[in-house]
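Step one of this worksheet: look at the structure below.
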Amino acid sequence: MSLQYPFTDLPSAGTRFKVAEGVYWLRFPLPFALDHINLWLLEDGDGWTVVDTGLGVRSSQKIWDTLLNEQLDGKPLTRIVVTHYHPDHLGMAGWLQQRCQAPVVTSAGEWALASMICASSDEQSISGFKAFLGSHGLGGEVLDQVAGKGNGFRRVVRPMPENPQLIGAGDSLTIHGERWQVHIGRGHSPEHLCLYRDSDRVLISGDQVLPTISSNLMVRPSAPEANPVTAFVDSLTALRDALPDDTLVLPAHGLPFRGMTSRINDLVAHHQRQLEVVWEECRSQARSAHDILPVMFDRKLDVQQLMFAMGESIAHLNCLMEQGRVQRQDKEGVWHFAA
């Protein structure tokens with residue numbers, strides 16, 4: 001099945017739009033090239049469950065004020081599910097928890113990484129990224145810009161939630177009397193929650209399955225040898241094999257769609273092509289992750305995109321190294337990879 005988009009009208013900020021029985025689409029703006037995030041509001045008995053929360057900034061708080069006052073039919077927000085640790089998903093969870101006295105639900109892997117990042121000082125964040133990205137060929141003023149001015153994560157998570165309920169593979173949530181099965185995605189983040197309702201084949205996919213782009217697969221300084229490419233592909237294929245193709249996929253970015261099998265096949269093929277392109281480049285001569293950027297990304301990258309691009313370049317080189325297709329050597333403090 002090719003991708004089908006059953007809804008093309010976008011909900012305006014501060015309003016809800018019904019996409020399935022008891023499931024409503026919320027759309028929050030983001031101040032990035034990726035200019036929005038979708039949240040999912042679920043009827044839940046005498047209250048509401050929300051999946052993801054928006055970036056922790058004042059504009060998100062204003063939208064939430066409108067939603068809580070005008071869009072919830074006088075019922076409270078009683079549960080907050082966070083699919084993964086990225087601030088556009090986690091950012092308002094602590095504020096909502098305090099405002100609504102609602103528990104936060106996430107996975108152990110996401111909570112551990114979010115807690116570790118949030119605990120890092122500005123100096124630790126800057127030095128960690130400078131040392132790591134510098135060892136992969138990024139240098140000069142650009143390295144200073146990408147490493148940033150400190151721990152930006154903390155500035156857009158307002159605040160970290162407290163004492164979350166941790167769930168994982170094999171668990172389920174009962175929402176409005178119906179079972180939502182937990183499926184785990186990996187690669188984009190450590191233990192990404194996806195929720196599936198079998199009764200009408202609805203999947204809240206977060207960032208794990210997006211309709212038009214692939215989620216960023218980034219190696220972080222805290223796990224420099226990680227191989228998120230293999231983790232992403234393996235968890236995608238497991239999801240594809242577990243769920244029907246006509247599932248209504250509710251992604252965190254882009255439009256809701258059907259045609260999950262085709263989309264996952266395209267995502268897997270995309271990363272396989274990227275691996276081949278990178279490997280061919282390393283056949284000609286030893287390359288750093290920075291050298292590989294023009295091969296993987298055929299556009300001008302801003303500072304934020306450059307950080308993500310470096311992480312993804314390292315990810316594909318780490319994957320090839322784990323497969324035994326490239327080896328790396330240290331040349332004057334910079335890792336170079338050769339086939």
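For what it's worth, UniProt numbering labels the leading residue of the sequence shown as 1, then goes sequentially.
Where is the CB? At the ideal position from N, CA and C, for every residue including glycine.
V326 sits close to C282, with the two beta carbons spaced by under 8 Å. Boundaries of the alpha helix (DSSP H) around S127: 122-134. Between the C-alpha atoms of S199 and H336 there is a straight-line separation of about 51 Å. Between E332 and M218, the beta carbon gap of about 25 Å keeps them out of contact (Cβ cut-off 8 Å). For the options E162, A119, L173, G139, the alpha carbon positioned closest to that of G150 is the one of A119. In the DSSP assignment, the residues bridged to W48 are E43, L77. Spatial neighbours of S135 in its own chain (CB-CB distance under 7 Å, excluding positions within 5 residues in sequence) are listed in chain order as G333, V334, W335.
At a Cβ-Cβ threshold of 8 Å, N216 and C319 do not count as neighbours. As summarised for the stretch 132-211, the continuous beta strand (DSSP E) elements at least 3 residues long and confined to that stretch are 172-175, 178-185, 192-197, 202-206, given in chain order. Remark: C-beta atoms of L3 and R273 do not approach each other more closely than 8 Å. By the Cβ neighbour-count rule, G109 is buried, with 16 or more other Cβ atoms within 10 Å of its own. Taking a C-beta distance under 8 Å as the contact criterion, D44 and I175 qualify as a contact pair. DSSP places H84 in no beta strand (DSSP E); its state is neither H nor E. Taking 8 Å as the cut-off, the beta carbon of D52 is found closer than this to the beta carbon of V82.
The DSSP assignment places complete beta strand (DSSP E) segments of no fewer than 3 residues inside the stretch 248-296 at 248-251, in order along the chain. Beta-bridge partners assigned by DSSP to H36: P29. Contact between P211 and L255 holds, since their C-beta atoms are separated by about 6 Å, short of 8 Å. Between the stretch 49-69 and the stretch 91-98 there are three or more inter-stretch CB-CB distances shorter than 8 Å, so the stretches are counted as touching. Taking C-alpha positions only, W111 is separated from V19 by approximately 29 Å.
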